Structures are given as C-alpha cells and as structure tokens.
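Q: Chains as they are written, first to last, in the working numbering: chain A, 254 to 561; chain B, 10 to 358.
Below is the structure I would like to discuss, written out as structure tokens.
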Amino acid sequence: MRRKIAVCLSLLMANLVQASHVNVVTSTTDLAWLVKEIGSPHVQVTSLLKGTENPHYVDAVPEFIRLVSNANIVCVIGLDLEVGWMPKVLSRSGNAQVQPGGRGYCETGKTVQVLEKPLGGVDRSLGDVHPSGNPHFWLSPKHLAQAISTIVDALAGVDPNHAVDYVNKAKEVSGQLEALSQKNREKLKPIVARQKGPLIIEYHKEFSYLFDSCGLTSFGSIEEKPGVTPSAGRLVSVALAAKNAGIKVAIASENAPKQTLSRFTELSGIPVVQVPMSLQPAKGLTSYVALQEKLVDSIVKHLAGGVP
Amino acid sequence: MRAIFLLYAMTTASLVSSLAFGEDLGGLKTSVSVDTNSQFGLSKGSEGNDRISVREAELLLYSPADHMFDGQLNVAAHSEGGVMHLEVHEAYLGSSKLIPRSRFRLGHFFLGVGRINQIHRHDWPFTTAPRYHREFFAYEGAQDTGLEYTYLFPLPFFLEVTAGLTNGYVFGHDHSTGSKPKTPTHYARAVTYFSMPGEGGAQLGLNYLGRTDNAGTKKTLAGLDFTAKWREAQVLKYLIQAEAWHQWLNSTRQWGFYLFPQAHIGDGFYVGARLDYYTDTSLTYGGGGAYPNGNLTIVPSLLYRSSEFVTARLSLTQDFERQGTTTQSSQMIEFQAVFFLGAHPAHDF
Numbered sequence: 254m255r256r257k258i259a260v261c262l263s264l265l266m267a268n269l270v271q272a273s274h275v276n277v278v279t280s281t282t283d284l285a286w287l288v289k290e291i292g293s294p295h296v297q298v299t300s301l302l303k304g305t306e307n308p309h310y311v312d313a314v315p316e317f318i319r320l321v322s323n324a325n326i327v328c329v330i331g332l333d334l335e336v337g338w339m340p341k342v343l344s345r346s347g348n349a350q351v352q353p354g355g356r357g358y359c360e361t362g363k364t365v366q367v368l369e370k371p372l373g374g375v376d377r378s379l380g381d382v383h384p385s386g387n388p389h390f391w392l393s394p395k396h397l398a399q400a401i402s403t404i405v406d407a408l409a410g411v412d413p414n415h416a417v418d419y420v421n422k423a424k425e426v427s428g429q430l431e432a433l434s435q436k437n438r439e440k441l442k443p444i445v446a447r448q449k450g451p452l453i454i455e456y457h458k459e460f461s462y463l464f465d466s467c468g469l470t471s472f473g474s475i476e477e478k479p480g481v482t483p484s485a486g487r488l489v490s491v492a493l494a495a496k497n498a499g500i501k502v503a504i505a506s507e508n509a510p511k512q513t514l515s516r517f518t519e520l521s522g523i524p525v526v527q528v529p530m531s532l533q534p535a536k537g538l539t540s541y542v543a544l545q546e547k548l549v550d551s552i553v554k555h556l557a558g559g560v561p
Numbered sequence: 010m011r012a013i014f015l016l017y018a019m020t021t022a023s024l025v026s027s028l029a030f031g032e033d034l035g036g037l038k039t040s041v042s043v044d045t046n047s048q049f050g051l052s053k054g055s056e057g058n059d060r061i062s063v064r065e066a067e068l069l070l071y072s073p074a075d076h077m078f079d080g081q082l083n084v085a086a087h088s089e090g091g092v093m094h095l096e097v098h099e100a101y102l103g104s105s106k107l108i109p110r111s112r113f114r115l116g117h118f119f120l121g122v123g124r125i126n127q128i129h130r131h132d133w134p135f136t137t138a139p140r141y142h143r144e145f146f147a148y149e150g151a152q153d154t155g156l157e158y159t160y161l162f163p164l165p166f167f168l169e170v171t172a173g174l175t176n177g178y179v180f181g182h183d184h185s186t187g188s189k190p191k192t193p194t195h196y197a198r199a200v201t202y203f204s205m206p207g208e209g210g211a212q213l214g215l216n217y218l219g220r221t222d223n224a225g226t227k228k229t230l231a232g233l234d235f236t237a238k239w240r241e242a243q244v245l246k247y248l249i250q251a252e253a254w255h256q257w258l259n260s261t262r263q264w265g266f267y268l269f270p271q272a273h274i275g276d277g278f279y280v281g282a283r284l285d286y287y288t289d290t291s292l293t294y295g296g297g298g299a300y301p302n303g304n305l306t307i308v309p310s311l312l313y314r315s316s317e318f319v320t321a322r323l324s325l326t327q328d329f330e331r332q333g334t335t336t337q338s339s340q341m342i343e344f345q346a347v348f349f350l351g352a353h354p355a356h357d358f
C-alpha cells in the first residue's frame, strides 16, 4: 500500500513539474534547439522529427498527434515544408490552442527573409516547387535568427509571466547566431575572395541560405527539377557542365540518393560530401554550433584543400 | 445525367481557375483525384469488365468554415457497371477546437471503422476490395449520415476511441432511400500506436459495428486492423497491412481477412502481394453438415510512383472459389492509374 502511495506521489510530482513548464513541440530538431535556447528553464521541448528524416516526406504518425495534443505551443518551419503532414497532425490532436491562428501556433518561416520565391505561375510540371519560397532557412545562422521573433511571441503569449526572460534570452541568442554567422564568413573568406565563379554544386537547393550568408555562389543543383531524381541524361549534362566550370565539390544531404551521387562523381570527377541537414540528438549532434562547424568545415576542406 | 455532368465539370473548372487567378475563396482548398482502372479477364468467369474505364473522379473541397468549425465536401463521379453515377461521398461539418482532445463530424461520411473502409479507394495500397470487404461493407466503403466523435486519451501512449451513430436507413453503398431501421447503425473503434524495430511504427485497431434493418435483419461486425510502416527519406520502404473481420447476420456467420505486404525495390517501384480469404461458416447441406465454401484470392502487384501525385499499379488477381466439392479458379489483370491535382494530399499514417 505504501509503495502504491509512493508511486502515485512521484507521478503527481512529475506532472506538477511538467505543468509548471511550457510544453513546446517543434517539427524539427533545429527549432527544438532554438526554442530551448530562448525558453530555458521555463520550457520543455520535444521535436517530432529526429533529424534524419526528409521533412517533406513524413507521415502524420499517431505518436506525433499524441505529443501535439499535450502541447502549449507548436513551432513549425512553414513555407510548405511540413504541408504534407503537419495539418493532419494538428487537426487530429484536438488541441484548439495550437491550431493555425491560435496563440500556441508558431510558424517561424513567416518572419524570415525568404529566398528563391518563384516568380510567375507555379505548377507541378516544375517539380516539387515551394510557392512561398525555399524553406531550408535553418541552415543559415543569420536566417535562423530571423525566426526568433515568432518563437518569442508565442512563448510570451502563452507564458506572459516570463515574457521578459524570453525577450532577454532572445537578444542573447540572436547575438550568438550573428557571431556564428560571422565566424562562418571568416572561415570562407579566403575562398570567397579567390572565387572567380561558382565552386560548389548542390544536389537539391537546400543550401541557398547558408551560401547566401557566407557569400558563396552555387553552380545550381544536380536535380533538374526539385524533388525529382535526375534522369541519366540530366546527370551526364550537369556532370560535364560542372566539370568544365571547375566546380570543386558537390554537397548533398544524407538523404540524397547515394547511387545518383556516385554516378555524378564517376562522370564529373567531382567529390560529393553528404552532410546532416539537421541536429541529430540520437547520433550525438546536439548543438547548432556543432552542426554549423560540420557543414562549413566540410565545405572549406574541399574548397581549400585542407582543414582550416 | 449529362446536365449534371456538365454542371460538375463547370463547377470544377471555375473553382480551379479561381484558385489559379488568386481569387479570395476564404482559404478553400481544392483537390481533384482521378482513378482509372482497366480490368481484363484472363479466364472465363473472372470479374474483369474487359474495358478501360474511369473508375472514379473525385472533387474534394475543404476549409475552415469559421474560427470554430471546419467543413468538407467530397463529390465523386464513379462507374458502376459501366454507368457513371454522381454522388456526394462526404459532406460534413466538424471541429477539433470545440472539445479538448476531441474531434467530431456531423453529416455524411465514410464510417470511421476499419482501415480501408475509412480511406478513399484511390488511396488504398491495392486496387480492388477484398471479398469480405465487398460482402460486409461495399465496393469502396460503407458511408452514411450521422454523428461521429473521436477522443484521444491523455496517456503516455497513443489511444484514440471513435464512436458513431448514423441513420442506418441503408448500409454500404446503396442509392435507394432505404427505410427506417429497427436499430440505427452504430459503431466504435479503439486504435493504438507503437514503434516497430528498425525505425518503423504500427497501428492496431479494434472495431465494432451494429445495425438492425427495417426487416429485422441484425448485422454485427467485429474486426481487427493492423498497419505497419517503415520509411526511409521519401520512400515507404516496407508496408504491412492486414484486417480480419467477423460478421453475424441474424443466425449466419461469415469471416474474412486480408494480408498485404509491400516493399520498395528502387527507382519508384514497389512490389506487393495481397492474400485474402472469405468464408460463410453457417452454410450447411440440406440434410445437415457443414457446407465447405471459401474464396481465396492472391493478388501480386507492381506499383510505380512517379511522385506523390501520380501512381500506376499493375495487378494480377488469382481467385479460387470453393463451393462444396467444387473449386473454380479465375484470373484477371488490372491496370490502375491515379493522379491528384490541386491541394497537397495529406500523408496519413
């Protein structure tokens, strides 16, 4: 009997501790890191994704629905990155506060200066085009910092008692991200200064924001149309074009098709470096600084011929 | 009927063009799906209709109706025996904002039981319904008008319960007005989710449905449904889907099941094979003794997915029908092509 009482009391304590925190659920691990940086110690943050997935192609898994049903705030990238699954997760959660337009709904892409917003008509003959612009902004510290205001607004709206803490912490984090962006620019400065043309090609246009913040120019993408595996003919033409243009390295996410990338290297002689696109806590990649170092050092290594 | 089709086509065209030119439709999302199905019998007695046909063309409209409620309308034109029928598949008002941890819908919809009964046919992982599903539900799914409520329990694991009550004047897919039942259609489903080894996940559902029609025929259904998926990047690497159902129809008993595994083999291609079985265990010989009967169907299939929006499937149906001491077999080949236009389809689990 005493043991049952002790178990009940500890469960009650755990719930009370949980109730005193703002429960934030994010779509990606990178947003989870950012919310934790801004919101600690007042937030408990859970990322729905593990960082290894392609966030375009995820199912509305029941476990996601359960986690969102308990959330005070849901933060998403937006810009149609999660359009295939997040609306279903939100509507099935039965949680009115986190529905779009609710005070607990935080779409971080809304305050980011979006790149590559298509001009003119967009339809699926162009591939998997994002009509609102390129959603992969989190890879650039400068652009990730632009998402901070939506997170602060959501946190302050749900937890006004700690609004001042969130605002102050946000300024600190914004400064850290600017410093990180500056550090990236310094690392790539010698390369950028020397480049007479593009030196790098991407498999999919996922690195536009990172390149933009560092002053790197991209040769374009190996994909002819976004989200469409390149045909044999496309591979040949883009490999030869990249080779002739003196491209030094191709960069791709870990999810990009390995067979296609190997074929590209075979045809062009250009090495491909595959990098994580998000934090992967289960694999030990828990800090955004570490992710940035991994990305930028990979690029520098191949463009400068050695680790800086 | 031609006038209705013209109206349907004009409504679709004007809606799509309105969206293309950015007119304010209050956040209305539109999606069109078309399912073409070509069935050719390879043996005498097969179910193939030996023609290429548009099995279904569906227009789905959905959006918030206001700050509290959402609305959905699904109008479909589909071929029945070579004749196109236009009908409302779903038209309901719902909300997931009114009652915490809950959602409900009021109107006309596919009943929230089972796995494939709830999913539009063009989204099934196979082309045609297993025999038990056609016998117990309908060629696509059982739909009716009523109220359905779903509650998500506040537990450290996913457990969701659905209960529904609908008119029950008709059951399955019936174009008649029907007649008032002695007991309306009522159903419940409990579903849970758990991880599977190798970064997968699985959903298990327990289902019940009951109805007594105007003539006093009592129908009771009990079933299990199971879906397991393993995803890698944009590819559904493995899928296992299965359902098993038992029906009591007054004093008769029938049961059936299907098992469908599928695997990705590269470059947008998937192979799968469905095994399904149906039998009536209450059939007896005139003089007594169980009458052996059963339908066993094996359907290997090859799926090609050009993108999330276009799929093509080739299936070969091998059907064995046993009645008493006689077993007859038939074969049919089917080619299905499905495409989606408009709003991004949801990635349901």
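C-beta atoms are modelled at their ideal positions from N, C-alpha and C, and glycine is treated no differently.
Remember, predicted model here, so these are calculated numbers, not experimental data.
Are any of the Cβ atoms in chain A nearer than 8 Å to that of Pro206 (chain B)?
A: As a first step, residue 206 (chain B) must be located in the second sequence, where it is residue number 197. Chain A, which has no Cβ nearer than 8 Å to the Cβ of Pro206 (chain B), makes this no.
Q: Taking only beta-carbon atoms, is Asp132 (chain B) less than 8 Å away from chain A?
A: Indexing the second sequence from 1 puts residue 132 (chain B) at position 123. False, the Cβ-Cβ gap to chain A never drops below 8 Å.
Q: Could you check how far apart the C-beta atoms of Phe269 (chain B) and Phe135 (chain B) are, in whole angstroms? I think they sit under 8 Å.
A: Here residue 269 (chain B) refers to the residue found at position 260 of the second sequence. Here residue 135 (chain B) refers to the residue found at position 126 of the second sequence. Between Phe135 (chain B) and Phe269 (chain B) the Cβ distance is about 6 Å, and since that is below 8 Å, they are a contact.
Q: I'd like to know whether the C-beta of Glu32 (chain B) is nearer than 8 Å to at least one C-beta of chain A.
A: The count along the second sequence starts at 1 and reaches residue 32 (chain B) at position 23. For Glu32 (chain B), the predicted structure reports a pLDDT of 47, less than 50, and the residue's modelled location is therefore unreliable. A value from the coordinates is still provided. By this cut-off, Glu32 (chain B) is not an interface position.
Q: Please list, in chain order, all residues of the same chain as Pro354 (chain B) whose beta carbon is under 7 Å from its beta carbon, the five residues on each side excluded.
A: In the second sequence, counting from the first residue as 1, residue 354 (chain B) sits at position 345. Only Ser40 and Glu317 meet the Cβ criterion.
Q: Roughly how many angstroms separate the alpha carbons of Val375 (chain A) and Asp381 (chain A), rounded to a whole number?
A: Along the first sequence, read from residue 1 onward, the residue named residue 375 (chain A) stands at position 122. Along the first sequence, read from residue 1 onward, the residue named residue 381 (chain A) stands at position 128. The alpha-carbon atoms of Val375 (chain A) and Asp381 (chain A) are separated by roughly 10 Å.
Q: Name the DSSP beta bridge partners of Trp239 (chain B), please?
A: Mapped onto the second sequence, residue 239 (chain B) falls at position 230. B:Gly209 and B:Tyr247.
Q: What do you reckon, are the CB atoms on Tyr148 (chain B) and Trp254 (chain B) nearer than 8 Å?
A: Here residue 148 (chain B) refers to the residue found at position 139 of the second sequence. Here residue 254 (chain B) refers to the residue found at position 245 of the second sequence. Cβ atoms of Tyr148 (chain B) and Trp254 (chain B): not closer than 8 Å.
Q: Just list the residues that DSSP pairs Glu96 (chain B) with in beta bridges.
A: Numbered from its first residue, the second sequence carries residue 96 (chain B) at position 87. Paired residue(s): B:Ala85.
Q: Run through the DSSP bridge pairs and tell me what Met341 (chain B) is partnered with.
A: In the second sequence, the residue the question calls residue 341 (chain B) occupies position 332. According to DSSP, Met341 (chain B) bridges with B:Gly50 and B:Thr326.
Q: Please tell me whether Arg345 (chain A) has its Cβ less than 8 Å away from any Cβ of chain B.
A: In the first sequence, the residue the question calls residue 345 (chain A) occupies position 92. Output row for Arg345 (chain A): interface = yes.
Q: Enumerate in chain order the residues of its own chain whose CB-to-CB distance from Glu360 (chain A) is below 6 Å, with the five nearest sequence positions on each side excluded.
A: Looking up residue 360 (chain A) in the first sequence gives position 107. Answer for Glu360 (chain A): Val329 and Gly331, listed in chain order.
Q: Output yes or no for whether 8 Å exceeds the beta carbon distance between Leu520 (chain A) and Leu544 (chain A).
A: Translated into positions along the first sequence, residue 520 (chain A) becomes position 267. Translated into positions along the first sequence, residue 544 (chain A) becomes position 291. No. Outside cutoff.
Q: How far does the alpha helix (DSSP H) with Asn276 (chain A) in it extend, from its first residue to its last?
A: As a position in the first sequence, residue 276 (chain A) is number 23, starting the count at 1. No alpha helix (DSSP H) holds Asn276 (chain A); the beta strand (DSSP E) holding it covers Val275 to Thr279.
Q: Work out the CA separation of Leu284 (chain B) and Leu325 (chain B) for me, nearest whole Å.
A: Stepping through the second sequence from its first residue, residue 325 (chain B) is reached at position 316. Stepping through the second sequence from its first residue, residue 284 (chain B) is reached at position 275. Approximately 12 Å between the Cα atoms of the pair.
Q: Can you give, in chain order, each stretch of the alpha helix (DSSP H) that sits fully within the stretch 292 to 348 of chain A and has at least 4 residues?
A: As far as the stretch 292 to 348 of chain A is concerned, its whole alpha helix (DSSP H) runs of at least 4 residues are 315 to 322 and 339 to 346.
Q: Hey, Leu397 (chain A) and Leu368 (chain A) are a contact pair by Cβ (cut 8 Å); roughly how many whole angstroms apart?
A: The residue you call residue 397 (chain A) lines up with position 144 of the first sequence. The residue you call residue 368 (chain A) lines up with position 115 of the first sequence. Actually they do not touch by this definition, with Cβ atoms about 13 Å apart.
Q: Would you mind reading off the limits of the beta strand (DSSP E) that contains Pro270 (chain B)?
A: Along the second sequence, read from residue 1 onward, the residue named residue 270 (chain B) stands at position 261. Element bounds for Pro270 (chain B): Thr261 to Gly275.
Q: For Phe118 (chain B), is the classification buried or exposed, using 16 other Cβ atoms within 10 angstroms of its Cβ as the cut-off for buried?
A: Within the second sequence, numbered from 1, the residue matching residue 118 (chain B) stands at position 109. Buried, by the Cβ-count rule.
Q: Got a sec: is the Cβ-Cβ distance from Pro479 (chain A) to anything in chain B below 8 Å?
A: Indexing the first sequence from 1 puts residue 479 (chain A) at position 226. Closer than 8 Å: no.
Q: Between which two residues does the alpha helix (DSSP H) containing Tyr419 (chain A) stretch?
A: Within the first sequence, the letter at position 166 stands for residue 419 (chain A). Where Tyr419 (chain A) is concerned, the enclosing alpha helix (DSSP H) stretches over Ala416 to Arg447.
Q: Counting only runs of 4+ residues fully inside the stretch 350 to 415 of chain A, write out the alpha helix (DSSP H) ranges in chain order.
A: Entirely contained in the stretch 350 to 415 of chain A, the alpha helix (DSSP H) runs reaching 4 residues are, in chain order, 394 to 398 and 401 to 411.
Q: Quick check: Thr281 (chain A) and Ser474 (chain A), are their CB atoms within less than 8 Å of each other?
A: Working through the first sequence from its first residue, we reach residue 281 (chain A) at position 28. Working through the first sequence from its first residue, we reach residue 474 (chain A) at position 221. No, the Cβ-Cβ distance between Thr281 (chain A) and Ser474 (chain A) is not below 8 Å.
Q: Assuming the contact rule is C-beta atoms closer than 8 Å, Ala172 (chain B) and Ala197 (chain B) should be a hit. Round their C-beta distance to whole Å, please.
A: Taking the second sequence and counting its residues from 1, one reaches residue 172 (chain B) at position 163. Taking the second sequence and counting its residues from 1, one reaches residue 197 (chain B) at position 188. Between Ala197 (chain B) and Ala172 (chain B) the Cβ distance is about 5 Å, and since that is below 8 Å, they are a contact.
Q: When you compare the CB positions of Thr518 (chain A) and Pro524 (chain A), do they come within less than 8 Å of one another, or not?
A: To locate residue 518 (chain A), count along the first sequence from 1; it is residue 265. To locate residue 524 (chain A), count along the first sequence from 1; it is residue 271. For Thr518 (chain A) and Pro524 (chain A), yes; Cβs fall inside 8 Å.
Q: Let me see if you follow: with CB-CB separation under 8 Å, is Asp550 (chain A) close to chain B or not?
A: By one-based count along the first sequence, residue 550 (chain A) stands at place 297. Not an interface residue.
Q: If you follow the alpha helix (DSSP H) that Ala543 (chain A) is part of, which residue opens it and which one closes it?
A: One-based indexing of the first sequence puts residue 543 (chain A) at position 290. Unbroken alpha helix (DSSP H) run through Ala543 (chain A): Tyr541 to Ala557.
Q: Identify, in the order they occur along the chain, each residue of the same chain with its Cβ nearer than 6 Å to the Cβ of Phe78 (chain B), setting aside the five sequence neighbours on each side.
A: In the second sequence, the residue the question calls residue 78 (chain B) occupies position 69. Here the set comprises Leu102 and Ser104.
Q: Would you list, in chain order, the members of the stretch 188 to 215 of chain B that have their beta-carbon closer than 7 Å to a beta-carbon of chain A?
A: Answer set for the stretch 188 to 215 of chain B: Tyr202, Gly210 and Gln212.
Q: In this structure, what does DSSP give as the bridge partners for Ser40 (chain B)?
A: Here the question's residue 40 (chain B) lines up with position 31 in the second sequence. B:Leu69 and B:Gly351.
Q: Bridge partners for Trp254 (chain B) per DSSP, in chain order?
A: Stepping through the second sequence from its first residue, residue 254 (chain B) is reached at position 245. BP columns for Trp254 (chain B) point to B:Gly232 and B:Gly265.
Q: For chain B, check one thing: does any of its Cβ atoms lie closer than 8 Å to the Cβ of Trp338 (chain A)?
A: Walking along the first sequence from the start, residue 338 (chain A) turns up at place 85. Cβ-Cβ to chain B under 8 Å: yes for Trp338 (chain A).
Q: For Ile500 (chain A), count the other beta carbons within 10 Å of its own beta carbon; 16 or more makes it buried, fewer makes it exposed. Which is it?
A: Along the first sequence, read from residue 1 onward, the residue named residue 500 (chain A) stands at position 247. The residue in question, Ile500 (chain A), is buried, as its Cβ has 16 or more Cβ neighbours within 10 Å.
Q: What in chain A is Cβ-close to Ala355 (chain B), meaning under 8 Å?
A: In the second sequence, residue 355 (chain B) corresponds to position 346, counting from 1. Chain A residues near Ala355 (chain B): Ala313, Gly337, Trp338, Pro340 and Lys341.
Q: With a cut-off of 8 Å on the beta carbons, I'd call Arg345 (chain A) and Arg112 (chain B) a contact; round off their distance for me.
A: To locate residue 345 (chain A), count along the first sequence from 1; it is residue 92. To locate residue 112 (chain B), count along the second sequence from 1; it is residue 103. Contact flag correct, Cβ pair sits at about 7 Å.
Q: For my contact list, Ile291 (chain A) and Ile404 (chain A) are in at a C-beta cut-off of 8 Å; report their separation, rounded to the angstrom.
A: Translated into positions along the first sequence, residue 291 (chain A) becomes position 38. Translated into positions along the first sequence, residue 404 (chain A) becomes position 151. With 8 Å as the limit, Ile291 (chain A) and Ile404 (chain A) qualify as a contact, their Cβ atoms being about 6 Å apart.
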